[in-house]
Each structure stands twice: as structure tokens, then as C-alpha cells.
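Asker: Chains as they are written, first to last, in the working numbering: chain A, 1 to 146; chain B, 1001 to 1201. Even for Gly, the Cβ is constructed at its ideal location relative to N, Cα and C.
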């Protein structure tokens, strides 16, 4: 993958090819959203955890796969990626925090709460990852001051 | 934010005056913080008026802006010259970066609490199925907005900040808005139908 990218360093930003980091991130986000809907549809009752747990596990696996593929990139605007990731992470940790607060306030406890927190952590990592990757992939490697 | 420099809009376009872009309008952050604090206080206090206010105002603005931008502003924008489009986007998109996530958070957090407070999520309630349908609609919109549109918005703003923005990159990213406008429009109309059903059952 890295050599493929290195060979394309001179290609225009719009046509440069990258591993499917954003696609994996969107897949992970979609699964965690479906899991969240399943959990929320049972409130205030205790939801069955089997399906949401499986969705969270597959979602986490997709996120890890995206991070793995991302970590192998060498011709990439890493400074831009980290700047965007940091600020987006702050924004989505606040968003996830408000959602988590609503579940805790509504007396979600024990295993369902733990699962909601895991899903919110995945959500809060997924969105910044997709945003930062998309912003950085169109920056010319090596990253310029533009 | 509005100091104007002379920069190129696209490789083939003539040199035009364009505003310098601030991706996140910092002056808006205190307003966002105030809204988030108000939403949290409304939930913590289980305060009917405040929850209704946040849900109705946030939801109305979210739906109206989405439909207005997708169905009215978007097609007009598509017919403008490249420099005009670039100038509009440079002023419009940073505001959307702050506005839309704030409206979404305000609407969903307050709406969920309101549904619980009013007992609409209880299994025997006639609104239960409608609310689960609304969760699904919101889920589709959330994945499109957070996974497809928000990243494109930020990437376009970064591209436009360059001394020589790549018109092909901007066009490629902006296509996402065109492709998803139909889905978002249908979802927003579905939201209007569901919410008016819930309010009148």
C-alpha cells in the first residue's frame, strides 16, 4: 500500500488513491448508530444486549482496521490530520458526553450503560477519524503550509 | 475572517478577490457553548418548556435549513460562476460547520428526554413505533451528515484556504452534497410526517 502511494506522490490530489479508511469509518459509524437505535428503542426497559453487543464488536473491528490502514500511510499530511483530529475529537467527545449524560440521567445502569459508553467511544473516535482523513488526503504530501 | 486576499479560485479560473477562510468561526463558539449548557440544564431539570423549546426550535431550524439549502440554494449555486460559488461557499460553509451539529445535538438530546418524560417511549404507547421510526430516519441522516457531508465540508474549506485551490478536488467533494441531497430531503419530509403524527396521536 505504501509503495503504491509513494509511486503516486506526483498525482493530482483528486485522483490520488488511498486505502478505504473513510469507508471503513463510515461502516463502523453506521453499525454503532444502528446499535444505539436498538438500545434507545428499549428505554426505559432493559434492552437485550446480544445484537447491540455484536454490532459494537464489528464496529470496533472496522474502526481498528481503519486505524491500521491509516497507520501504514507514509505519504500523508499527518500534521493536518492531527490538527483536524484533535479539534474534531474535542467536539464529538462533548456530543457523546451529552448523549451519555442523557442515558445516565435516565437510570441506565450496569451492562447496558457499559455498552452505551463503548458505542459512544467508538462514535467519538469514528467521526473525527473520517473528518481528519478526508481533510488530510487532499493535502499535498509532504504537508505544506497552505 | 473577512480580510480579502487576491487568490486563484481554480487552476483555470482568473485571479479573483476572495475572503480568507476561518474554518471554525471562533466568535460562534460561546453561543454553541451556551446552547449546550442550556440543553444539559433542560435535561437535568426535566424542564418541560425548555425541552420542548430545544426540540421544536432545533428541529424546525434543522429541517428548514436542510430543505432550503438542498432544494433552493444548492441548485442556484450550481448555476453560478466558479468565483461566485467559491465566494459564497467561503462565507457560508464555516457557519454551517458550527450551526448544524449544534442544532442536531439540541434537537435529538431534548427530543429523547421529552419522549421519555411524556411516556411516548413506553412499549404500549401509540407513539412508540413512530418514535422508533424517527430514530431510524435520524440514524440515516446522522451517518450521511457525519460520515459524508461534514468531512467534505471541512476538506473543501481547507482546499479553499490554499493559495492555489484545486478546482477538481472542490468539485469532487461538492458532488457529495448533490448525491445526498435527495436522501436527506426524503428523510426530512419523513421526519415532518412522523413528528406531526406523534404530536396529534
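If you draw a straight line from the C-alpha of residue 1189 of chain B to the C-alpha of residue 1042 of chain B, how long is it?
Answerer: The straight-line gap from Cα to Cα measures roughly 27 Å.
Asker: Considering residue 36 of chain A, what are the terminal residues of the alpha helix (DSSP H) in which it resides?
Answerer: Where residue 36 of chain A is concerned, the enclosing alpha helix (DSSP H) stretches over 21-42.
Asker: Looking only at C-alpha atoms, which of B/1158, B/1171, B/1138 and B/1154 sits nearest to residue 1183 of chain B?
Answerer: Cα-wise, what sits closest to residue 1183 of chain B is B/1138.
Asker: Does DSSP put residue 1113 of chain B in a helix, a strand or coil?
Answerer: Note: residue 1113 of chain B maps to helix in three-state DSSP.
Asker: My output table needs one value for residue 1168 of chain B: the three-state DSSP class, helix, strand or coil.
Answerer: Looking at residue 1168 of chain B - three-state DSSP - the assignment turns out to be helix.
Asker: Report yes or no: is there a C-beta of chain B within less than 8 Å of the C-beta of residue 51 of chain A?
Answerer: Judged by the 8 Å Cβ criterion, residue 51 of chain A is not in contact with chain B.
Asker: Within the same chain, show all residues whose beta-carbon is closer than 6 Å to that of residue 1050 of chain B, passing over the 5 residues directly before and after it, in chain order.
Answerer: These residues qualify, in order along the chain: 1042.
Asker: So the alpha helix (DSSP H) residue 1122 of chain B belongs to, where does it begin and stop?
Answerer: Taken as a continuous stretch (DSSP letters only), residue 1122 of chain B belongs to no alpha helix (DSSP H), as it is neither H nor E.
Asker: What three-state label does DSSP hand residue 1066 of chain B in the structure shown?
Answerer: Helix.
Asker: Please list the terminal residues of the continuous alpha helix (DSSP H) segment that includes residue 100 of chain A.
Answerer: Run containing residue 100 of chain A: 78-105, per the alpha helix (DSSP H) assignment.
Asker: Can the beta-carbon of residue 1094 of chain B be found less than 8 Å from the beta-carbon of residue 1031 of chain B?
Answerer: It is not a contact, given that the beta carbons lie outside the stated cut-off.
Asker: Just mark residue 124 of chain A as buried or exposed, buried being the case when its beta carbon has 16 or more other beta carbons within 10 Å.
Answerer: Buried is the call here.
Asker: Buried or exposed for residue 107 of chain A, going by 16 or more other Cβ atoms inside 10 Å?
Answerer: Classification for residue 107 of chain A: exposed.
Asker: Helix, strand or coil for residue 120 of chain A, going by three-state DSSP, please let me know.
Answerer: Residue 120 of chain A falls in the helix class under three-state DSSP.
Asker: Can you tell me the Cα-Cα spacing of residue 1035 of chain B and residue 137 of chain A, whole angstroms?
Answerer: If you take the alpha carbons of residue 1035 of chain B and residue 137 of chain A, they lie about 33 Å apart.
Asker: Apart from the five residues on each side of it in sequence, which residues of its chain come closer than 8 Å, Cβ to Cβ, to residue 46 of chain A?
Answerer: Hits under 8 Å: 112.
Asker: Excluding the five sequence neighbours on either side, which residues of its own chain have a C-beta within less than 7 Å of the C-beta of residue 1121 of chain B, listed in chain order?
Answerer: So the list reads 1115, 1128 and 1131, once near-sequence residues are dropped.
Asker: Which bits of chain D does residue 1039 of chain B rub up against, with CB to CB less than 8 Å?
Answerer: In the structure shown, chain D does not exist; the protein chains are A and B.
Asker: Given that a residue counts as buried once 16 or more other Cβ atoms are within 10 Å of its Cβ, and exposed if not, what is residue 1037 of chain B?
Answerer: Counting Cβ neighbours within 10 Å, residue 1037 of chain B comes out exposed, since fewer than 16 surround it.
Asker: Note down the Cα distance separating residue 33 of chain A from residue 25 of chain A, rounded to an integer number of angstroms.
Answerer: Roughly 12 Å separates the two Cα atoms.
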